[in-house]
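Protein chains in written order, with our numbering: chain A, 172 to 653; chain B, 172 to 653.
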């Protein structure tokens, strides 16, 4: 996996970080000295020094004069993670998604996600533009615009731009599966892909199993298509409960599962590899139930390896993998794709019926950027920055939020899911109060079809840490403690 | 209407063309001489000469040495137009659109529309790229990519790019209506707009009144949304039959009308202004039935004035106007818009759920192109070219197709609807035979939910006339006569 390793000093830093995160090295512990590290790992002085600089940048170690590096108090480690909610099973059946009653409320939240430079951006889940290679990518776009043959401005009918599909097929083995170019359909972002997948596998009135909490856009897509949501409890570490899924399948006809196994938004959970195999091969395949797999965050892992997609375990063509470049490259480009498996034909036709074609030139620009090799280099930098930002926000929450607050330790992505200690707290109120202070957050209720998670909030950590954000977390903590 | 007039010599040419089309001047007639024209209209010699050159370019007049200009045989004028089909009323009710049975056939037709430079392109309805200002527009795109602030690469949430909406609002009075920027939502092409409009006004199982024939993409959109189509007979000159609509409304619950009143594809028909008023104000408003108005061809009028949109007569906010730049500027950009009237809120939410946002940079590029003033100049040239191309293809059909063939005389757009004399002809067969000869056409059955129009074909006239196309029409005529 050539895109995983990175520089040697990064590997060293990562392995020390792992020891800190695994509490092998605890806050206050002395980290092995530069000299020791050189001997232990057979590395140069400068490599060891660079590794410490990275760890210092992440806020994980601090230098004490004349003494060496020590593990910094990892405040977040003192906060427990939220527990998996135990839903009442009879509540989970045949829940028609009804956001209409709260549409105004959700619309107001989404409105607050709009780009307002004056707001502290804990709301919308996009990385800061300064973390994205805008200049290089826009250079590709300008190049595509200048040099594209005239035919490039014809409808690029489904399955979409060939060179982009070639690049995507080349990258599929990173996620543990292999596809032909012809098995990929490009889309207007991941959202269109998810819609097409739902429409190819379900009919209005059908039931879809989803994680709870889950991304509000998925809930709205279900609602707009007249589908019912069956919410399954989802663990902050290991993802959706397979026991709950199996119990549901015994009682209820489920037309499709719609999961984000790799870094669920808002939980950041990551389903273990063996669970993925069980889900795809033991639970769904025998029942011929399709899995719609949202992979949009998968390249943003915090560990040392990209998790395999569920698609990697799919022998029946029942997994429809959806992803895009919106979380790691260019939200505004709206370039996504779907690998629809056995649903290739209906997905391709639905794509035609929904938007006819995806914008040609932005597909060409992304293809050129991928081909240049710059993407993997960019991803390494982005992952490091996002992991550090998540840690910083987490530390600040531990410092400023009321006692008893819980916060996730995500395995990837860049959002934190924060549970306020009082189950009766209403973060809709917090959302409004925070906005008045110029702080954008996402209240928990929009991540459930039934207004669950009312005492939770999602903090997006897409932006580099600064003093203004620290103040904002302090303000949020004060508002939450009222 | 500053964008309508054009140069003086164009006006003169148009007025002579009108006399020829109205058979005031008949084939073989001598056209008023340059000298006479100068006196009659108070114009200069060079203006008169330029007018004749335009008419010669259109194939409408020919110079005879030492004698002046004469009206050329207008072969197409000898072909009658198809008549409005008289459907059996009991066939028109509650027709569930079922393209699934013929999905493979329709998919094969669409596949044949894909860009194949080796095929003669009578199939897909897009203008030739050499008629589009690709260089100037792509220059705008490159400029947008280079100069856009970093924030331009964030999600451009609905209603979409402000500067583009400003330009669209400025142009709305050309179509006889006025809107605020906030009343426009940008979309991924017209197709997304039509989908959003259908989803905002109908629920699965509902019935939608449509023109017959109508664009196959509309039929497929209806099918994919689980809607029923009630086909109304549509006249090649005056558009959908309001009598048939009223008769239907007396018997059937119709949730929306989905019409292309301005240059229906494939008919090229144009509903008279008074019929539009009656449709919107007298028929639909009292019943609170929404009209989804597809305006995608409206800028491509062949006459001297852009027809008013039905939206111009809408006092209740019941008209949802959908359009795009795909037929007149940049098919590959996928930039469209919708003016949803009283359905603004649901349309905006559905847009968010369907594709989240429209690609930012292409919207910026189109906005810049519009702002530069180059668009109207381009449209004038494009209209002239398309009108000439339609005339050329029409002439060739008259020359080479079997006796008894009928062909439309479209009021705008760039497609011809050709009726073969034998009602039992099957143009699906013709489509396949033509493809084998490297000629792409659209068989009639894809323009009906019930496989009507089997002895019709649509010829797209988007490409400049040449000898190869003349040969192709000859080949088609021979194949059709078998």
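We treat Cβ as the ideally placed atom computed from N, Cα and C, and that holds for glycine.
Remember, it's a predicted structure, so these values are computed and weren't measured experimentally.
Can you tell me whether residue i is helix, strand or coil according to DSSP?
i                     : result
residue 140 (chain A) : Shown here, chain A extends from 172 to 653; a query on residue 140 (chain A) therefore has no answer.
residue 267 (chain B) : In this prediction, residue 267 (chain B) scores a pLDDT of 47, lower than 50, which makes its location untrustworthy; the coordinate-derived value is nonetheless stated afterwards. Strand.
residue 409 (chain A) : coil
residue 262 (chain B) : Only weak support exists for where residue 262 (chain B) lies, its pLDDT of 46 falling under 50; the coordinates are left without a value.
residue 591 (chain B) : coil
residue 239 (chain A) : strand
residue 433 (chain A) : strand
residue 188 (chain B) : helix
residue 364 (chain A) : helix
residue 428 (chain A) : strand
residue 252 (chain B) : coil
residue 613 (chain B) : strand
residue 283 (chain A) : helix
residue 289 (chain A) : coil
residue 404 (chain A) : strand
residue 454 (chain A) : helix
residue 500 (chain A) : coil
residue 438 (chain B) : coil
residue 583 (chain B) : strand
Looking at the secondary structure, which residues open and close the alpha helix (DSSP H) in which residue i lies?
i                     : result
residue 397 (chain B) : Neither: residue 397 (chain B) is in no alpha helix (DSSP H) and is coded neither H nor E.
residue 358 (chain A) : From DSSP, residue 358 (chain A) is part of no alpha helix (DSSP H) but of the beta strand (DSSP E) over 356-358.
residue 225 (chain A) : 216-228
residue 607 (chain A) : 598-607
residue 638 (chain B) : 638-652
residue 487 (chain A) : Here residue 487 (chain A) belongs to no alpha helix (DSSP H), and DSSP marks it neither H nor E.
residue 206 (chain B) : 205-212
Span of the beta strand (DSSP E) holding residue i?
i                     : result
residue 493 (chain A) : 490-495
residue 507 (chain B) : 507-510
residue 380 (chain A) : 378-383
residue 475 (chain B) : Where residue 475 (chain B) is concerned, there is no enclosing beta strand (DSSP E), given that its DSSP letter is neither H nor E.
Should residue i be listed as close to the ligand MN, given that the test is whether its C-beta is under 8 Å from any heavy atom?
i                     : result
residue 362 (chain B) : Of the ligands one can find in the structure shown there are none, so the ligand MN has no counterpart to examine.
Rounded to whole angstroms, what's the CA-CA distance from residue i to residue j? Just pull it up for me.
i                     : j                     : result
residue 316 (chain B) : residue 292 (chain A) : 24 Å
residue 453 (chain A) : residue 484 (chain A) : 10 Å
residue 529 (chain B) : residue 380 (chain B) : 29 Å
residue 196 (chain B) : residue 516 (chain A) : 54 Å
residue 215 (chain B) : residue 225 (chain B) : 16 Å
residue 397 (chain A) : residue 390 (chain B) : 21 Å
residue 342 (chain B) : residue 546 (chain B) : 11 Å
residue 219 (chain A) : residue 650 (chain A) : 43 Å
residue 577 (chain B) : residue 255 (chain B) : 12 Å
residue 180 (chain A) : residue 634 (chain A) : 24 Å
residue 437 (chain B) : residue 615 (chain B) : 9 Å
residue 449 (chain A) : residue 282 (chain B) : 39 Å
residue 231 (chain B) : residue 408 (chain B) : 21 Å
residue 212 (chain A) : residue 554 (chain A) : 24 Å
residue 655 (chain A) : residue 360 (chain A) : Look at the range of chain A in this structure, 172 to 653, and you will see that residue 655 (chain A) is not part of it.
residue 236 (chain A) : residue 611 (chain A) : 39 Å
residue 427 (chain A) : residue 580 (chain A) : 29 Å
Are the C-beta atoms of residue i and some chain E residue less than 9 Å apart?
i                     : result
residue 323 (chain B) : Absent here is chain E; the protein component of the structure consists of chains A and B.
Inset, instruction - Spell out a yes or no on whether the region 476-483 of chain A and the region 495-510 of chain B are touching, meaning 3 or more CB-CB pairs, one atom from each, closer than 8 Å. - result: Contact fails: fewer than three Cβ-Cβ distances are below 8 Å.
Legend entry - Near-chain B residues of the region 366-391 of chain A (beta-carbon distance less than 9 Å), N- to C-terminal order: Listed in sequence order: 366, 370, 374, 375, 376, 388, 391.
Legend entry - Cβ-based contacts, 9 Å cut-off: residues of the region 278-297 of chain B near chain A: Interface annotation for the region 278-297 of chain B against chain A: 278, 281, 282, 284, 285, 286, 288, 295, 297, criterion Cβ-Cβ distance under 9 Å.
Inset, instruction - Count the C-beta pairs between the region 599-617 of chain B and the region 281-296 of chain B that are closer than 8 Å, then say yes if the count reaches three, no if not. - result: The region 599-617 of chain B and the region 281-296 of chain B touch, with no fewer than 3 CB-CB distances between them shorter than 8 Å.
Inset, instruction - Flag this pair as touching only if the region 356-367 of chain B and the region 327-336 of chain B have three or more C-beta atom pairs under 8 Å; answer yes or no. - result: Yes, the region 356-367 of chain B touches the region 327-336 of chain B.
Inset, instruction - Could you tell me whether the region 334-348 of chain A touches the region 556-563 of chain A, using the rule of 3 or more Cβ pairs below 8 Å? - result: No, because fewer than three Cβ pairs between the region 334-348 of chain A and the region 556-563 of chain A fall closer than 8 Å, the two stretches do not touch.
Legend entry - Members of the region 493-505 of chain B near chain A, C-beta cut-off 7 Å: Within the region 493-505 of chain B, the residues whose Cβ lies closer than 7 Å to any Cβ of chain A are, in chain order, 501, 502, 503, 504, 505.
Inset, instruction - Could you tell me whether the region 626-646 of chain A touches the region 577-588 of chain A, where touching means 3 or more Cβ pairs closer than 8 Å? - result: Segments in contact, yes.
Inset, instruction - Check each residue of the region 524-546 of chain B: if its Cβ is closer than 9 Å to any Cβ of chain A, include it; give the result in chain order. - result: Along the region 524-546 of chain B, the positions whose C-beta sits under 9 Å from a C-beta of chain A are 524, 525, 526, 527, 528, 529, 530, 531, 532, 533, 536, read in chain order.
Inset, instruction - Mind checking the region 349-368 of chain A against chain B and listing, in chain order, the residues whose C-beta falls within less than 9 Å of any C-beta there? - result: Residues are counted here when their Cβ sits less than 9 Å from a Cβ of chain B; for the region 349-368 of chain A these are 358, 359, 360, 361, 362, 363, 366, given in chain order.
Inset, instruction - Evaluate the contact criterion for the region 416-434 of chain A versus the region 462-473 of chain A: three or more CB pairs, one atom per stretch, below 8 Å. - result: Enough Cβ pairs lie closer than 8 Å, so yes.
Legend entry - Stretch-stretch touch, CB-based, cutoff 8 Å, three pairs: the region 639-650 of chain B with the region 298-318 of chain B: They do not touch, by the three-pair rule.
Inset, instruction - Report yes or no: do the region 529-543 of chain B and the region 510-525 of chain A share at least 3 C-beta pairs separated by less than 8 Å? - result: Fewer than three Cβ pairs drawn from the region 529-543 of chain B and the region 510-525 of chain A lie within less than 8 Å of each other, which leaves the two stretches out of contact.
Legend entry - Residues of the region 395-415 of chain A whose Cβ lies closer than 7 Å to any Cβ of chain B, in chain order: Contacts with chain B (Cβ-Cβ distance below 7 Å) from the region 395-415 of chain A involve 395, 397, listed in chain order.
Inset, instruction - Note down, in chain order, all residues in the region 415-444 of chain A with a beta-carbon under 7 Å from any beta-carbon belonging to chain B. - result: Cβ contacts with chain B: none found.
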